[in-house]
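Comments concern the structure below.
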Amino acid sequence: MELTLFSKCVFEFIGTMVLILLGDGVVASNSLSKSKGQNGGWVVITMAWGFAVMCGVFIAGPYSGAHLNPAVTVGMAAAGLFPWSYVAGYVAAQLLGGFAGAVLVYVFYKDHFDATSDADSKLGVFCTMPAIPDKWRNLFCEFLGTWLLVFVILAFSNKENTPEVGMGSIGSFPVTMLIMAIGMSLGGATGYAINPARDLPPRIAHALLPIKGKRDSGWKYSWIPVLGPLLGGLFAAMMYHCVYSCVL
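See the structure below:
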């Protein structure tokens, strides 16, 4: 069955929405007052984010390829594995899905947002902020984390890694482990956005929603989890091409 670009974008929207619903949801569960999951810890958050990606991939994988991340889409296109003509539609769908998922998290946890006095915790449900503000090092952290994400995803898709079955939705399992590994190893500095659709649309949702006692939405930092991942995805594509096309 040949799907139209619109159909593929619909699946990118739904997959990204589910990704953010579960990913931002686990942060809300861990950080908002009177939640039964409060103080569950970093391991819970990183594992749930991995499973959130898995769910999104199962939904969208067979139909759109389940990029769910503008940095992945741009990286795949730069590597010659995805048409540039599809990039704008995919990115728009991912951004809209990220916004919708964040709004659903707010509606779900509305009572807990109202019961929470810490404005930083409320912002942290929606988007990332650095543990130690240092814009160039923070940018490097987001760049490196996303470089690793996209480069390994490209390596997963190599026919030598999946000689008979291909990736398809089965690729959700290694990507789940990859997201967990990045979060546990490289997530402590910036919260590992590694995905503009994970950070920018929920940040916009935070700014627009009537959240009781909220702070500013951290706009001075907001460019870092957008630019860093996009640069990381592009560099991963170039490195993949050099290693797998020029060296081998």
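When we follow the numbering used here, the leftmost residue of the sequence shown carries the number 220, and every step to the right adds one. Just so you know, even glycine gets a beta-carbon here, dropped at the ideal spot from N, CA and C.
Classification of residue i by the beta-carbon crowding that lies within 10 angstroms, buried from 16 upward
| i | result |
| --- | --- |
| Pro302 | exposed |
| Trp438 | exposed |
| Asn357 | buried |
| Ala334 | exposed |
| Met273 | buried |
| Arg434 | exposed |
| Trp442 | exposed |
| Leu222 | exposed |
| Trp355 | exposed |
| Ser200 | It is not possible to answer for residue 200, since the shown part of the chain is limited to 220 through 467. |
| Ala307 | exposed |
| Asp243 | buried |
| Trp268 | buried |
| Ser391 | buried |
Of the residues the options, the one placed nearest residue i, counting alpha carbons only
| i | options | result |
| --- | --- | --- |
| Ile351 | Gly256, Val272, Leu251 and Gly407 | Gly407 |
| Leu446 | Phe359, Pro349, Arg434 and Thr235 | Phe359 |
| Val293 | Leu222, Met348, Leu368 and Gly234 | Leu368 |
| Val322 | Ser391, Phe345 and Gly432 | Phe345 |
| Pro415 | Met396, Ser391, Lys253 and Pro444 | Pro444 |
| Gly284 | Tyr309, Met266 and Val262 | Tyr309 |
| Ile372 | Gly452, Thr265 and Ala267 | Gly452 |
| Met295 | Phe370, Met266 and Phe270 | Phe370 |
| Met348 | Val326, His331 and Asp418 | Asp418 |
Residues near residue i in its chain [Cβ-Cβ closer than 8 angstroms; skip 5 each side]
| i | result |
| --- | --- |
| Gly343 | Val246, Ser250 and Gly410 |
| Val384 | With a pLDDT of 40 at Val384, under the threshold of 50, the predicted position of this residue should be treated as unreliable, though the coordinate-derived value follows. Same-chain partners within the cutoff: there are none. |
Same chain, Cβ closer than 7 angstroms to residue i, neighbours up to 5 away in sequence not counted
| i | result |
| --- | --- |
| Tyr305 | Leu224 |
| Met236 | Gly316, Ala319 and Gly320 |
| Gly387 | Model confidence at Gly387 stands at a pLDDT of 45, short of 50, so the residue's coordinates are unreliable; what they give is reported in the following sentence. Answer for Gly387: Gly280 and Pro281, listed in chain order. |
| Leu450 | Phe362 |
| Ile398 | Trp268, Gly269 and Val272 |
Three-state secondary structure (DSSP) of residue i
| i | result |
| --- | --- |
| Cys228 | helix |
| Glu221 | coil |
| Gly260 | coil |
| Ala298 | coil |
| Pro349 | coil |
| Leu315 | helix |
| Leu287 | coil |
| Thr292 | helix |
| Gly244 | helix |
| Ser441 | coil |
| Asp435 | coil |
| Asn357 | helix |
| Asn249 | helix |
| Tyr411 | coil |
| Leu428 | coil |
| Thr395 | helix |
| Leu450 | helix |
Proximal residues to residue i (C-beta, below 6 angstroms), its chain only, five neighbours per side dropped
| i | result |
| --- | --- |
| Val312 | With the sequence shown as reference, residue 312 is identified as Ala, and Val is not the correct amino acid for it. Answer for Ala312: Cys228, Glu231 and Phe232, listed in chain order. |
| Phe454 | Trp366 |
| Gly234 | Gly275, Ile278, Ala279, Ala285 and Leu287 |
| Gly259 | Asn249 |
Could you say if the segment 424–433 and the segment 285–296 meet the contact criterion of at least three C-beta pairs nearer than 8 angstroms? At 8 angstroms Cβ cutoff, the stretches do not touch.
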